[in-house]
Amino acid sequence: MIRLLSSILLAVLLLWPSTALAMESGASLFQNNCASCHPNGENIIRRGRTLKIKALTKRGIDSSEAIAQVAREGIGQMSGYADALGDGGDVIVAEWVWQQAQNAWIQG
């Protein structure tokens, strides 16, 4: 039992910093590549196409994977940003955006 709890604790401790780093990297990627058109999850080009949970799910974008695809390939008037985001950057920024959307883009 102690061995099991130790293993679980170790896994949590090992994963925690990487999760925090991914969120920090996601915020940085968003700020550098997305925020000019999507400040605080809004959309300065097309008002109805925000990154708010209601607008995303209305368009069938209901997961971080779906957001990553949009970030990578683009959608509608928005071009894809695969090159700008770099390898895996689409996933990192998408996870951050999805978390922000679920929290109503409340900045802490």
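First residue of the sequence shown: 122, per the working numbering; consecutive thereafter. Idealized CB from N, CA, C, for every residue including glycine.
query: Sub-8 angstroms separation of residue 214 and residue 158 beta-carbons; result: no
query: As assigned by DSSP and simplified to three states, the class of residue 253; result: Examination of residue 253 is not possible in this model, given that the chain is present from 122 through 229 alone.
query: Buried or exposed (CB count within 10 angstroms, at least 16 for buried), residue 150; result: buried
query: Contact check, residue 174 vs residue 218, beta carbons under 8 angstroms; result: no
query: Proximity winner among 129, 185, 168, relative to residue 223 (alpha-carbon distances); result: 185
query: Residue environment, residue 194, which counts as buried when at least 16 other CB atoms sit within 10 Å; result: exposed
query: Test item: CB-CB of residue 198 and residue 167 under 8 angstroms; result: yes
query: In DSSP terms, what residue 196 is bridged to; result: 199
query: From 181, 147, 161, residue whose alpha carbon lies closest to that of residue 211; result: 147
query: For residue 224, three-class secondary structure by DSSP; result: coil
query: C-alpha gap between residue 164 and residue 177, whole angstroms; result: 12 angstroms
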